[in-house]
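Enquirer: Take a look at the following structure, please.
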């Protein structure tokens with residue numbers, strides 16, 4: 018294939034990406050390729066460093082550069098809260114696969130992420146996750162899920178790890194947060210560490226799968242003050258409190274995002 022043909026194909030894809038329905042699929046496939054290729058390139062580049070949470074930053078820079086043409090911008094607020102060196106559990110609302118890009122702008126040092134077990138088979142991304150010491154959790158087996166929680170607890174205690182968890186447990190594009198799974202809060206109580214809520218504004222202004230919409234846009238990320246897990250007697254009380262403050266803040270951010278995306 019000649020250079021002229023390659024340029025022609027790229028130009029055609031760029032033009033087609035502007036067409037509503039076709040554009041959605043082109044952009045969605047492109048984002049998926051960014052996850053695969055970015056993870057693979059970042060993974061290969063990180064092999065000399067071995068397994069380390071520091072590899073996240075190298076891979077995130079590659080991923081951000083690759084997804085730049087999509088025009089999705091993130092505005093992070095109160096990021097200084099993330100600079101605390103002590104371990105904590107960071108919880109965030111989970112709307113879509115675009116959260117991988119969003120989390121790259123709010124990633125603290127010495128942090129690992131808890132992922133659903135099916136992602137270990139996603140090419141490229143799985144190499145990236147392995148070298149970043151990510152933790153996989155089986156949502157369909159309580160026994161395996163408990164073992165994952167126990168091993169993660171040991172990581173927190175021994176290595177002062179921070180852990181990123183999506184407590185809803187699955188993607189949820191709706192404005193109302195799903196009931197939270199208990200894992201994050203069990204970890205916080207057992208390790209005697211705080212919870213740091215991270216709230217993302219809605220993606221609906223630039224991404225809506227049911228409407229086949231994927232365009233450029235802006236998303237707000239706000240880091241809320243840490244929640245002292247020791248102030249709550251039970252895991253359920255801690256979970257309910259965190260969900261309540263995140264829900265209220267999500268609604269506030271969604272109103273702001275509406276103005277940003279006009």
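Residue numbers (our numbering): 18 to 279. All C-beta atoms, glycine included, are put in the ideal place defined by N, C-alpha and C.
1) How do the segment 56-70 and the segment 89-102 stand: do at least 3 beta-carbon pairs fall below 8 Å, yes or no?
2) Considering only residues of the same chain and omitting the five flanking positions on each side of residue 142, which have a CB-CB separation below 7 Å?
3) Going by DSSP, what residue range makes up the alpha helix (DSSP H) through residue 205?
4) Considering only the alpha carbon of each residue, which of 195, 47, 113 and 104 lies closest to residue 126?
5) Can you round the beta-carbon distance between residue 192 and residue 232 to whole angstroms, since I take them to be within the 8 Å contact cut?
6) When burial is assigned at 16 or more other CB atoms within 10 Å of the CB, is residue 82 buried or exposed?
7) Report buried or exposed for residue 40, applying the criterion of at least 16 other Cβ atoms within 10 angstroms of its Cβ.
8) Whole angstroms is fine: what's the gap from residue 214's alpha carbon to residue 76's?
9) Determine which residues share a DSSP beta bridge with residue 109 and list them.
10) Are the beta-carbon atoms belonging to residue 43 and residue 205 less than 8 Å from one another?
11) Grouping DSSP H, G and I as helix and E and B as strand, with all else coil, what is residue 128?
12) Does the Cβ of residue 220 lie closer than 7 Å to at least one heavy atom of the ligand FMN?
13) Can you tell me the Cα-Cα spacing of residue 132 and residue 113, whole angstroms?
14) Per DSSP, which one or two residues make a beta bridge with residue 181?
15) Helix, strand or coil: which one does DSSP assign to residue 272?
16) Determine whether the beta carbon atoms of residue 200 and residue 182 lie at a separation below 8 Å.
17) Could you tell me which of 238, 253 and 245 sits nearest to residue 267, measuring between CA atoms?
18) For residue 195, I'd like the list of residues in its chain whose CB is within less than 6 Å of its CB, leaving aside the five on either flank, ordered along the chain.
19) Specify, as a first and last residue, the run of the beta strand (DSSP E) that residue 91 falls within.
20) Name the residue from 166, 226, 234 and 140 whose alpha carbon lies nearest to the alpha carbon of residue 129.
21) Distance check for residue 216 and residue 260, CA to CA, integer angstroms please.
22) How would you label residue 46, buried or exposed, when you count the other beta carbons within 10 angstroms and need 16 or more for buried?
Expert: Working from what's here:
1) Touching, no.
2) By one-based count along the chain shown, residue 142 stands at place 125. Here residue 142 has 52, 53, 56 and 136 as same chain residues with Cβ atoms under 7 Å from its own Cβ, once five neighbours each way along the sequence are excluded.
3) Locating residue 205 in the chain shown gives position 188, counting from the first residue. Note, residue 205: alpha helix (DSSP H), 200-208.
4) Position 109 of the chain shown, counting from 1, holds the residue named residue 126. The shortest C-alpha separation from residue 126 is found at 104.
5) For this step, residue 192 is matched to residue 175 along the chain shown. For this step, residue 232 is matched to residue 215 along the chain shown. Not really, about 20 Å apart at Cβ, beyond 8 Å.
6) Taking the first residue of the chain shown as position 1, residue 82 is located at position 65. So residue 82 ends up on the exposed side.
7) Looking up residue 40 in the chain shown gives position 23. Buried, since its Cβ has 16 or more Cβ neighbours within 10 Å.
8) Mapped onto the chain shown, residue 214 falls at position 197. Mapped onto the chain shown, residue 76 falls at position 59. When rounded, the distance between both Cα atoms is 24 Å.
9) Here residue 109 refers to the residue found at position 92 of the chain shown. Partner(s): 215.
10) The sequence position of residue 43 within the chain shown is 26, counting from 1. The sequence position of residue 205 within the chain shown is 188, counting from 1. No.
11) As a working mapping, residue 128 is identified with position 111 in the chain shown. Here residue 128 sits in strand by DSSP.
12) Because no ligand of any kind appears in the structure shown, any question about the ligand FMN cannot be addressed here.
13) For this step, residue 132 is matched to residue 115 along the chain shown. For this step, residue 113 is matched to residue 96 along the chain shown. Between residue 132 and residue 113, the C-alpha separation is close to 14 Å.
14) Here residue 181 corresponds to residue number 164 of the chain shown, with the count starting at 1. Paired residue(s): 107 and 130.
15) By one-based count along the chain shown, residue 272 stands at place 255. Of the three classes helix, strand and coil, the one that applies to residue 272 here is helix, per DSSP.
16) In the chain shown, residue 200 corresponds to position 183, counting from 1. In the chain shown, residue 182 corresponds to position 165, counting from 1. Taking 8 Å as the Cβ cut-off, residue 200 and residue 182 qualify as a contacting pair.
17) Counting from one through the chain shown, the residue named residue 267 turns up at place 250. Nearest C-alpha to residue 267: 238.
18) Residue mapping note: residue 195 aligns to position 178 of the chain shown, counting from 1. For residue 195, where only same-chain residues beyond five positions count, the Cβ hits under 6 Å are 185 and 189.
19) Locating residue 91 in the chain shown gives position 74, where the first residue counts as 1. For residue 91, the enclosing beta strand (DSSP E) starts and ends at 89-94.
20) Counted from its first residue, the chain shown places residue 129 at position 112. Answer by Cα proximity: 166.
21) Working through the chain shown from its first residue, we reach residue 260 at position 243. Working through the chain shown from its first residue, we reach residue 216 at position 199. Approximately 10 Å between the Cα atoms of the pair.
22) Position 29 of the chain shown holds residue 46. Label assigned to residue 46: exposed.
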